[in-house]
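**Student:** This is the structure, below, for whatever I ask next.
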Amino acid sequence: MQGNPQNLESPSGDVARLVGATKTFGVGGAAVTALDDVTIGFRRGEFTAVMGPSGSGKSTLMYCQSGLDRLSSGHAYVGDVDVSTLSDQELSVLRRSKLGFIFQSFHLVPALSARENITLPVDLDAGTEVDEAFLAELVDVLGIANRMDNRPSQLSGGQRQRVAVARAMIPRPDVIFADEPTGALDSKTSGELLKYLRQAVDELGQTIVMVTHDAVAASHCDRVIYVQDGRLVGEALHPTVDDVLDKIRELS
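The letter at position 133 of the sequence shown is residue 120 when you use this note's numbering, and the numbering goes up by one with no holes.
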């Protein structure tokens, strides 16, 4: 693959999928299998939570699916593109153009304004321009339209997280990966962020895969998949908080 990856959906209709995905850390007797022959797909316009006990492999699943880490064997696809076969340069192009990321620690650039942080992925992609109408819609939905000139140090934790969400969404990625996005937030701010992510799926057709340990966060999702010891051990559609808590207790 050369240049900008094609915007294609896989024959299965999944925007991203793992096939026979295995990830092993270490060698010999010290080897640890973090993913063990996992096959799973993520559908367009769906909000999926990935849950499991600490060390279950849920973050490894997300990192390998998004190309932030490489599989030991098996395949990771984004649309029809086999991430497993890409060079580091091609992976960089894919992540910049097709994927969005939301991390617990925000990763905003302190010297840039909120607007500049949001538009950074587009600004770095030569030959593309910011869709001003989409940007206006996005920051309005996220409730940060009046903070565009502020730097991160002038924003609350919740506002910084919403800037990070907007930055992930502005290139219109095929899929957004969120790693414990509510982990550093209080319950009120966490609830607001989850509402905005839900709106992004319902109103903007975004696909989101979220690693979380929070049953309340998972209850905002269309689907929850459960991971234990590197294997998929369950799946639930439209889960309630009690459903998730019961399953997590069972796994623990």
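The C-beta atom is built at its ideal place from N, Cα and C for all residues, glycine as well.
Treat the numbers as computed from the prediction; the structure is a model and nothing was measured.
In this structure, does DSSP put Q215 in helix, strand or coil?
**Tutor:** Reduced to three states, the DSSP call for Q215 is strand.
**Student:** Return the CA-CA distance between V14 and M49, expressed in angstroms with no decimal places.
**Tutor:** Approximately 22 Å between the Cα atoms of the pair.
**Student:** Are V6 and R31 close, meaning C-beta to C-beta below 8 Å?
**Tutor:** No, the Cβ-Cβ distance between V6 and R31 is not below 8 Å.
**Student:** Write down every uninterrupted run of the beta strand (DSSP E) in the region 64 to 133 whose length is 3 residues or greater and which is fully enclosed by it, in chain order.
**Tutor:** Whole beta strand (DSSP E) segments, 3+ residues: 86 to 90.
**Student:** Should P108 go down as buried or exposed, given a rule of 16 or more other Cβ atoms within 10 Å for buried?
**Tutor:** The residue in question, P108, is buried, as its Cβ has 16 or more Cβ neighbours within 10 Å.
**Student:** If you reduce the DSSP assignment to three classes, tell me which class A3 lands in.
**Tutor:** The answer is strand: DSSP assigns A3 an E or B state.
**Student:** In whole angstroms, what is the alpha-carbon distance linking G66 and I163?
**Tutor:** Cα to Cα, G66 sits roughly 13 Å from I163.
**Student:** Using only the alpha-carbon positions, how far apart do D233 and E116 sit?
**Tutor:** Approximately 47 Å, taken between the alpha carbons.
**Student:** Am I right that A36 and C51 are in contact with their C-beta atoms under 8 Å? What's the rounded C-beta distance?
**Tutor:** The pair is not a contact, with the Cβ atoms about 17 Å apart (cut-off 8 Å).
**Student:** Would DSSP call D229 helix, strand or coil?
**Tutor:** Looking at D229 - three-state DSSP - the assignment turns out to be helix.
**Student:** Buried or exposed, going by whether 16 or more other CB atoms sit within 10 Å of the CB of G144?
**Tutor:** With fewer than 16 Cβ atoms within 10 Å of its Cβ, G144 is classed as exposed.
**Student:** Please check the pair A151 and L95, which I expect to be a contact at CB under 8 Å, by giving their CB distance rounded to whole angstroms.
**Tutor:** Right, their Cβ atoms sit about 6 Å apart.
**Student:** For the region 125 to 140 against the region 96 to 107, do three or more pairs of beta-carbon atoms, one drawn from each stretch, fall closer than 8 Å, so that the two count as touching?
**Tutor:** Result yes; three or more Cβ-Cβ pairs closer than 8 Å.
**Student:** For T169, which residues does DSSP report across the bridge?
**Tutor:** Partner(s): none; T169 has no beta bridge.
**Student:** My output table needs one value for D189: the three-state DSSP class, helix, strand or coil.
**Tutor:** Three-state result, D189: helix.
**Student:** Using DSSP bridges, identify the partner residues of E222.
**Tutor:** According to DSSP, E222 bridges with I212.
**Student:** To the nearest whole angstrom, what separates the beta carbons of I195 and F34, a pair I think is in contact under 8 Å?
**Tutor:** The pair is a contact, with the Cβ atoms about 5 Å apart (cut-off 8 Å).
**Student:** Tell me whether L224 is buried or exposed, calling it buried when 16 or more other Cβ atoms sit within 10 Å of its Cβ.
**Tutor:** Counting Cβ neighbours within 10 Å, L224 comes out exposed, since fewer than 16 surround it.
**Student:** Consult DSSP for D58 and reduce its assignment to one of helix, strand or coil.
**Tutor:** For the sequence presented, residue 58 should be read as Leu rather than Asp. Here L58 sits in coil by DSSP.
**Student:** Just the C-alpha distance for Q215 and A171, rounded to the nearest angstrom, thanks.
**Tutor:** Computed Cα separation, rounded: 24 Å.
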